[in-house]
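Here you go:
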């Protein structure tokens, strides 16, 4: 891939030239690259990725119609050279949140108000983080929303739980585009 500079003939050019060269525009800069080689059939994994990419493109298009999201994505794009707000919005869609850890060491189940600490991250923003505690026989003991405090998510319990053996804590993180990540630990 090469940047085209000071060439009046190719400036602003976009598309395929012959069978070997492709020109494209990236933030007002003309890029020349080798034409991609087409394969006859895609694998199922490639088709799924193409579908996700198409969904990301649709998300980016719609997100940039919202003035608030557009301003956010444009501000993020300005932080990096050669990146558009559409690229940033697509990246946000394609990267789900991560849940690094669930610290339930302070949870005894004896009283309400005990804290469960969750370390979760997203490239841009986690919109909600829900916690569900279920018994060993899959009955829900309690569930609710964690709140962000000093870079960590904190869930305060609301019910007592006599027996913790085999109980599960499930954390569900959702980001702005609606990507959902779930992590579960067994007590």
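In this note's numbering, the protein residues as written are 829 to 1015. Cβ coordinates follow ideal geometry from the N, Cα and C atoms, glycine included. Since the model is a prediction, treat every value here as computed from it, not as a measurement.
The Cβ-Cβ distance between residue 960 and residue 973 does not fall below 8 Å. In this structure, residue 926 sits away from residue 1002, with a CB-CB distance that is not shorter than 8 Å. In this structure, the alpha-carbon of residue 983 lies about 12 Å from that of residue 956. Between residue 987 and residue 970 a beta carbon distance of about 4 Å is seen, short of the 8 Å cut, so the two are scored as contacting.
Segment contact: the segment 899–909 against the segment 922–938, fewer than three CB-CB distances shorter than 8 Å; contact not assigned. Judged by DSSP in its simplified three-state form, residue 983 adopts strand.
The criterion of a C-beta distance shorter than 8 Å is satisfied by residue 951 and residue 923.
If you check the CB distance, residue 995 and residue 964 come in under 8 Å.
Just measuring C-alpha positions, the residue of 912, 935 and 953 sitting nearest residue 856 is 912.
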